[in-house]
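Asks: Take a look at this one; I'll ask things after.
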Amino acid sequence: MSNTQIGPLIYTFFEDQLKCQKGLRPASIRSYRDALQLFLLFVAEDTQRKLTRLSLTDLTGERVRRFLRFLEQKRHNQIRTRNHRLAAIRTFFEYLATREPMMLAEAQQVAAIPVKRSSPPQTLYLE
Numbered sequence: 019m020s021n022t023q024i025g026p027l028i029y030t031f032f033e034d035q036l037k038c039q040k041g042l043r044p045a046s047i048r049s050y051r052d053a054l055q056l057f058l059l060f061v062a063e064d065t066q067r068k069l070t071r072l073s074l075t076d077l078t079g080e081r082v083r084r085f086l087r088f089l090e091q092k093r094h095n096q097i098r099t100r101n102h103r104l105a106a107i108r109t110f111f112e113y114l115a116t117r118e119p120m121m122l123a124e125a126q127q128v129a130a131i132p133v134k135r136s137s138p139p140q141t142l143y144l145e
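With the first letter of the sequence shown counted as 1, position 107 gets the number 125 in the numbering used here; the numbers rise by one all the way through.
Below is the structure:
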């Protein structure tokens, strides 16, 4: 797999894919940014590397699964938040697969990660 630095790919993901191609609003782009920032910080800690030294080989489906467990167990995120982060990461991996074909297998692994179901909030009625 390629040892490509991910910085330029992240930049084009936000500037080209999210802004120009998808036409997302600034609030949505910030949400993607926050999800990817958390994921990349997790990967940097997991690999014991500086954030600026991460490469495509560090981005794996297994790391995404560990990140999702980290969100639930260590950060105590709700299932909805976990699923939102997963959606942003899936979009990023889909983009990576179109730009770097060697990432296709990892993108397929990430796409296969199921969203978790949560029980709907209890509806309270006034009597």
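Positions of the beta carbon are idealized from the N, C-alpha and C atoms, including for glycine.
1) Could you tell me whether the stretch 124-136 touches the stretch 98-111, where touching means 3 or more Cβ pairs closer than 8 Å?
2) Smallest Cα separation from residue 75: which of 35, 91, 114?
3) Short of 8 Å in beta carbon distance, which residues of its chain neighbour residue 33, apart from the five on each side in sequence? Order them along the chain.
4) Quick check on residue 73: does DSSP put it in helix, strand or coil?
5) Given a cut-off of 8 Å, decide if residue 62 and residue 69 are closer than it, judged by their beta-carbon atoms.
6) Kindly give me the distance between the Cβ atoms of residue 24 and residue 72, rounded to whole angstroms, as I take these residues to be in contact under 8 Å.
7) Go through its chain and collect everything with a Cβ distance to residue 42's Cβ below 7 Å, but skip five positions before and after it.
Replies: On the basis of the supplied data:
1) yes
2) On the sequence shown, position 57 is the one that residue 75 refers to. Closest by alpha carbon: 114.
3) For the purposes of this step, residue 33 is identified with residue 15 of the sequence shown, where counting begins at 1. Cβ within range, chain order: n/a, list empty.
4) Indexing the sequence shown from 1 puts residue 73 at position 55. Looking at residue 73 - three-state DSSP - the assignment turns out to be strand.
5) Taking the sequence shown and counting its residues from 1, one reaches residue 69 at position 51. Taking the sequence shown and counting its residues from 1, one reaches residue 62 at position 44. Here residue 69 is near residue 62, since their CB atoms are less than 8 Å apart.
6) As a first step, residue 24 is located in the sequence shown; it is residue number 6 there, counting from the start. As a first step, residue 72 is located in the sequence shown; it is residue number 54 there, counting from the start. Their Cβ separation, rounded to whole angstroms, is 6 Å, which keeps residue 24 and residue 72 in contact under 8 Å.
7) Taking the sequence shown and counting its residues from 1, one reaches residue 42 at position 24. Once the five neighbours on either side are set aside, the close Cβ partners of residue 42 are 36.
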